[in-house]
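Going left to right, the sequence shown walks through residues -22 to -1, 1 to 414 as mature numbering (1 follows the signal peptide of the UniProt record, and there is no 0) numbers them.
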Amino acid sequence: MLLNWHLTSSCLLLLWLCTSNALCPASCECKRNEKGKRKVTCIKGGMTDPIPTEDMDPGMEILEISAPPTKRNTLSVSSIFQQFKSLEELRLTRSNVHQIAQHAFWGNMLPVVLENTFVNQQQLRYLCLARNRLVKITNTAFLNLTSLVELDISRNKLKKLEPIAFHHISETLQRLVIGGNSISNDTLKTLLQSLHKLHSLDIAAMKLPSLPKNFLPDRISELNISKNNISELTADSLPAQLTRLDVSSNLLRGLNETVVLRLETLKHVNLSDNPWTCNLCHITPILFRVNKTNLFKNLTCASPKILKNVKIHHLKFEDITVCNNLNVEEEQDPIEKSKISLLIGLACIIVLAIFSIVFVVCSCMKRHSRNLMQQQKRAAEAENSLESATAIFSKGEISFKFPLDLTERRMSVSTIDEIKRDTPASVPNGTVGTGI
Ligand SMILES: *[C@@H]1O[C@H](CO)[C@@H](O)[C@H](O)[C@H]1NC(C)=O
Ligand SMILES: *[C@@H]1O[C@H](CO)[C@@H](O)[C@H](O)[C@H]1NC(C)=O
Ligand SMILES: *[C@@H]1O[C@H](CO)[C@@H](O)[C@H](O)[C@H]1NC(C)=O
Ligand SMILES: *[C@@H]1O[C@H](CO)[C@@H](O)[C@H](O)[C@H]1NC(C)=O
Ligand SMILES: *[C@@H]1O[C@H](CO)[C@@H](O)[C@H](O)[C@H]1NC(C)=O
Ligand SMILES: *[C@@H]1O[C@H](CO)[C@@H](O)[C@H](O)[C@H]1NC(C)=O
Ligand SMILES: *[C@@H]1O[C@H](CO)[C@@H](O)[C@H](O)[C@H]1NC(C)=O
Ligand SMILES: *[C@@H]1O[C@H](CO)[C@@H](O)[C@H](O)[C@H]1NC(C)=O
């Protein structure tokens, strides 16, 4: 045992001595990793073409080229890796890589021939080209990558994929990370059907609106569909062999009973960051199981407002409201609703006030004009009555003196009746009350 250990450690020491003497580019770090693999790490950033492959150990097994987010590299990948026959893992991230190209004339206006990029990388098992600017992967990009098990091309600008490009790795690839691209869902479906060994898939951040039945092959056991637009999950859309699922950051508002039971059979599920709607329609199947599984441990309600941020496992059935057929906005925003009713109330009051002011003004004007008309009428009648009075008096039935001063009479306001009544009353004096 001790001898064994001694041998191993001296071997490692020897290897370390060897590697420390080996080539290493100035901007990189070259050492053995914890498994004793020769690893070159260039992560300082700001690298430009060409990648300093001449200064790298031809026996290197792992190459990692990356950069801090603020100091990205600008690189192109041609067939520069051909001399590295032992390369098992290539991580090339945050390096603005546009295309996987063979020829060095990348960057000029000639059409780039994308072929045979990794033809001598039969040992390459892990290839990561995430967070670059790949827009296209052509048919021969993965030719001869006969050992590739993991491919990460997430967060690039890929729109179209030739499923035939993946033909070269279709019998070895076990994990594909392709999230954060804009690949159409039909292309994706075709691709997935051609990768016969694939069991781990990351299609996060692809704006998927749903997960239809038969979209994913049953052999998928690890699935990441985080950051999509999935609003409903059904049990029959989940692959039969699924064990791990990340469906965080989607648009799920509830789960139905069959899905809850299906999810409970999985080893790991992440349901966080979904807009869980805590009413009877959406959350009931979850509430029934909430204290019997760990699935829902950290979930919080997003609506209705009164239950916002309340942990679902603290809820009681009495807490949740019945669901009416109110639309989403109304359900989600009672404050908005009360604001609106307040506004409507205010508007009503204002309209009422305006109406009453108008009414008061109108009736005042009406009364005023009626008074005016009455005044004019009376004035006119007074004149008439005087005329008739003379007429009456001129009949000669009652004979007495009447001061027929028209200017004086006009100042008096009285009806004909009054005049008629007044006239006899003023008879004894022989004068009219208006006399000065
Ligand atoms: C693929 O690798 C083999 C060696 O295993 C080699 O003979 C062949 O030429 C390579 N293919 C291409 C297109 O270079
Ligand atoms: C694919 O997209 C179309 C339209 O964009 C949509 O109708 C269809 O449901 C989608 N299918 C999947 C698998 O998401
Ligand atoms: C799923 O993908 C998202 C987005 O890329 C990432 O943040 C998350 O860590 C992934 N989940 C798992 C379980 O790897
Ligand atoms: C996905 O959801 C986001 C925000 O919820 C929205 O802005 C976007 O338009 C949706 N995309 C699709 C394709 O439905
Ligand atoms: C759950 O949803 C599926 C598909 O939408 C449906 O077939 C099933 O009857 C639902 N189950 C329950 C218990 O509501
Ligand atoms: C679940 O996903 C969220 C958001 O993607 C993440 O923050 C969280 O760490 C994940 N939780 C677990 C237990 O993986
Ligand atoms: C819940 O959150 C705690 C910490 O916030 C974390 O340790 C735990 O793993 C989470 N549980 C689940 C099931 O996501
Ligand atoms: C689950 O248990 C917690 C306390 O452990 C309790 O407050 C809550 O009401 C229970 N939920 C249901 C739905 O029974």
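Think of the CB as a built atom: it goes at the ideal place given N, C-alpha and C, for glycine as much as any other residue.
| said: Tell me which residue opens and which closes the beta strand (DSSP E) that GLU235 is part of. | reply: Not the beta strand (DSSP E): GLU235 falls in the alpha helix (DSSP H), residues 235 to 242.
| query | Would you call the segment 219 to 227 and the segment 253 to 264 in contact, with 3 or more CB pairs under 8 Å? | reply | no
| query | In the structure shown, what three-state DSSP assignment does LEU105 receive? | reply | strand
| Does the segment 202 to 216 come close enough to the segment 229 to 246 to have 3 or more Cβ pairs within less than 8 Å? | yes
| Straight-line CA distance for SER148 to PRO28? | 31 Å
| Sequence ranges, alpha helix (DSSP H) only - wholly within the segment 202 to 266, length at least 4 | 235 to 242
| Proximity of ARG10 and ASP35 at Cβ, strictly below 8 Å | no
| query | Under 8 Å, do ILE161 and LEU189 count as touching if we go by C-beta distance? | reply | no
| field | Beta-carbon separation (whole angstroms), GLN101 vs LEU65, contact threshold 8 Å | value | 6 Å
| message | When you compare the CB positions of LEU126 and LEU105, do they come within less than 8 Å of one another, or not? | response | yes
| Do residue 419 and LEU123 have their CB atoms nearer than 8 Å? | Outside the shown range of the chain, which is -22 to 414, sits residue 419, and nothing can be said about it.
| query | Closest to GLU128 by CA distance: which of SER178, ILE40 and VAL97 is it? | reply | SER178
| query | Can you tell which of PHE144, VAL97, LEU230 and ARG103 has its C-alpha closest to the C-alpha of ASN117? | reply | PHE144
| query | Which one of THR19, ARG50 and ASN192 has the shortest CA to CA distance from MET25? | reply | ARG50
| Can you name, in chain order, every residue of its own chain whose Cβ lies under 6 Å from the Cβ of ASN257, other than the five neighbours on each side? | ILE298, THR299 and CYS301
| Of all residues in the structure, which have a C-beta closer than 7 Å to any heavy atom of ligand 8, taken in chain order? | LEU265, VAL268, ASN269, HIS291, HIS292, LEU293, LYS294 and PHE295
| field | Alpha carbon of LYS22 to alpha carbon of HIS292, nearest angstrom | value | 48 Å
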